[in-house]
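Take a look at the structure set out below.
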DNA sequence: CTTTTCTTTCAATATGTATTGAAACTTCCA
DNA sequence: TGGAAGTTTCAATACATATTGAAAGAAAAG
């Protein structure tokens, strides 16, 4: 397989992988393109290489910056902006994890915390409390685990992992 | 907050959480409903409580069975089928993890494995190989970690966690 | 065998989300 | 200050996916 095809395949796969996990396809594809570019590229490059509109490219580049996965850079003598992805895969994983934890896990943990003390002594009420309690426990552990793992703190991670599995 | 509202909130939240992670809303809601029901319920119950069509209910119940999150049960003297969710949250997490690993992580690992040895000595080719290699490494570690963690094998999990973070 | 009850399928349709592209906006330079 | 070059916004639209509901299929009962 030549480089051109391989790049194409990678971009498609990253897009598919992203959308299976609730990240929009274009955002993932823009990210993929930046990951495998050896130097910063412009909005125009993104549009051309992925065949997407200016608006789409702009919107997703900004989203990626918001997620700390991409930086704006300037080339001297150039008016337009260039974009460059974080290339350290550990950092990439960390940033993605942190964002998603914040956006989707934390709100769930907060809700479960409230729902644990709904009143009632019927079997339905008891069943409900048990489930919300158990889920609250699990999600909190996961939250803590991710919290520390995103700090690359091995000791903490392993310790938290043990706790999670106790 | 009374039980009725709490149940409603939980079902909505689980649905939202699911769809943020690429699991369809109805499937997550059906799952939520089963999780907080103290006894097995019928397709009719699911339709009524979630206001969804028979086809939708049937389809998602089967999907949940496919994921090993729900079992069919029979009530003596009853013609129709009843459904019951796995209530052990650890098992729930395990089953979900295992399914998604199989469906989405493994194919990516396989592709990255191939892409690592694309030929060429240009900066683009080198950059590409480095990225696919690094991602292959990370995803493989994650794959291994999940593999063992879903077996509730603490020793392995912690060991794998250390390796992941080395 | 016929009817009743329940389950499954799937083409049609609805719904939610992503994408476009042109206009508005901003910044830089002559 | 005018205009060129680039960026951002957002209403309109396209697209993908989920959902419906009626019809076909299966299984048990009469």
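Protein chains in written order, with the numbering used here: chain A, 1 to 166; chain B, 1001 to 1166. Note that CB positions come from ideal geometry on N, CA and C, so glycine has one too.
Nearest-angstrom Cβ-Cβ length linking residue i and residue j, presumed shorter than 8 Å
i: residue 1013 (chain B); j: residue 111 (chain A); result: 5 Å
i: residue 1106 (chain B); j: residue 1143 (chain B); result: 7 Å
i: residue 1057 (chain B); j: residue 1070 (chain B); result: Not really, about 12 Å apart at Cβ, beyond 8 Å.
i: residue 31 (chain A); j: residue 64 (chain A); result: 6 Å
i: residue 1010 (chain B); j: residue 1036 (chain B); result: 6 Å
i: residue 138 (chain A); j: residue 161 (chain A); result: Going by Cβ atoms, the distance from residue 138 (chain A) to residue 161 (chain A) rounds to 14 Å, so no, they are not a contact pair.
i: residue 1083 (chain B); j: residue 1061 (chain B); result: 6 Å
i: residue 3 (chain A); j: residue 1124 (chain B); result: 7 Å
i: residue 22 (chain A); j: residue 1090 (chain B); result: The pair is not a contact, with the Cβ atoms about 23 Å apart (cut-off 8 Å).
Same chain only: Cβ atoms within 7 Å of residue i, ignoring 5 sequence neighbours per side
i: residue 1135 (chain B); result: 1112
i: residue 1129 (chain B); result: 1116, 1118
i: residue 1150 (chain B); result: 1094, 1097, 1098
i: residue 1092 (chain B); result: 1069, 1086
i: residue 1049 (chain B); result: 1033
Chain B contact residues for residue i, given Cβ-Cβ distances below 7 Å
i: residue 10 (chain A); result: 1115, 1132
i: residue 158 (chain A); result: 1158, 1161, 1162
i: residue 7 (chain A); result: 1128
Residue i classed as buried or exposed, judged by whether at least 16 other C-beta atoms fall within 10 angstroms
i: residue 80 (chain A); result: exposed
i: residue 1053 (chain B); result: exposed
i: residue 132 (chain A); result: buried
i: residue 1007 (chain B); result: buried
i: residue 1211 (chain B); result: Chain B is shown from 1001 up to 1166; residue 1211 (chain B) falls before or after that span and cannot be answered.
i: residue 18 (chain A); result: buried
Cross-chain neighbours of residue i in chain A, by beta carbon under 9 Å
i: residue 1123 (chain B); result: 38, 39
i: residue 1087 (chain B); result: 127, 130, 131, 134
Spatial neighbours of residue i in its chain, beta-carbon cut-off 6 Å, leaving aside the 5 residues before and after
i: residue 1068 (chain B); result: 1095
i: residue 1015 (chain B); result: 1025, 1028, 1029
i: residue 75 (chain A); result: 82
i: residue 164 (chain A); result: 141, 145
i: residue 1121 (chain B); result: none
i: residue 59 (chain A); result: none
i: residue 1101 (chain B); result: 1146
i: residue 1077 (chain B); result: none
i: residue 104 (chain A); result: none
Under 8 Å from the C-beta of residue i: neighbouring residues of chain B
i: residue 21 (chain A); result: 1021, 1022, 1104
i: residue 93 (chain A); result: 1138
Beta-carbon neighbours of residue i, restricted to chain B and to distances below 9 Å
i: residue 63 (chain A); result: Result: empty, since nearest Cβ-Cβ is about 15 Å, beyond 9 Å.
Interface residues of chain A facing residue i [CB-CB closer than 7 Å]
i: residue 1120 (chain B); result: 3
i: residue 1017 (chain B); result: 104, 108
Proximal chain A residues relative to residue i, where beta-carbon distance stays under 8 Å
i: residue 1127 (chain B); result: 36, 37, 38
i: residue 1111 (chain B); result: 9, 10, 13
Chain-order list of residues whose beta-carbon lies under 8 Å from that of residue i (same chain, five-residue window excluded)
i: residue 1109 (chain B); result: 1136, 1139, 1140, 1143
i: residue 73 (chain A); result: 40, 81, 82, 83, 84
i: residue 1001 (chain B); result: 1009
(message) Any C-beta of chain B within less than 7 Å: which residues of the region 133-145 of chain A qualify?
(response) 134, 135, 138
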